[in-house]
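Chemist:
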Amino acid sequence: MPVKAMFPIADVRVPVKRKKTLKSTKVEAIAEDILENGQTTPIQVREGKTGGWVLIEGYHRLEALRALGEEKIEGYEVRARLH
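Add 162 to the 1-based position in the sequence shown for this note's numbering, that's all there is to it.
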């Protein structure tokens, strides 16, 4: 079961392939919505191999909160299944 927590935005690393998918208009729209309604959907991260967190889902939400000057973001820590 994923664990919901607050993560420091500065500690969340975005994979290089994901960085190419950023759309500034979408970030602006999400930032406006967050100002009105707060963050309604948590991001998903996994623990990084060298510390910090690696983003799995929620790149536009992460960038919207970063643009708003927030220091933390609500998210789920997703753990790999062991077989």
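By construction, the Cβ of each residue, glycine as well, lies at the ideal position given by its N, Cα and C atoms. Owing to the predicted nature of the structure, the values given are computational and were not obtained by experimental measurement.
Given that a residue counts as buried once 16 or more other Cβ atoms are within 10 Å of its Cβ, and exposed if not, what is Ala172?
Modeler: Per the 10 Å Cβ criterion, exposed.
Chemist: If you check the beta carbons only, do Lys166 and Glu225 fall under 9 Å apart?
Modeler: Not a contact, by the Cβ cut-off of 9 Å.
Chemist: Along the beta strand (DSSP E) that carries Lys182, what are the first and last residues, could you check?
Modeler: Here Lys182 belongs to no beta strand (DSSP E), and DSSP marks it neither H nor E.
Chemist: If you follow the alpha helix (DSSP H) that Ala229 is in, where does it begin and where does it stop?
Modeler: Segment 221 to 229, the alpha helix (DSSP H) holding Ala229.
Chemist: From this set, Glu209, Gly231, Glu232, Leu230, which residue's C-alpha is nearest Val176's C-alpha?
Modeler: Among Glu209, Gly231, Glu232, Leu230, the Cα nearest to that of Val176 belongs to Glu209.
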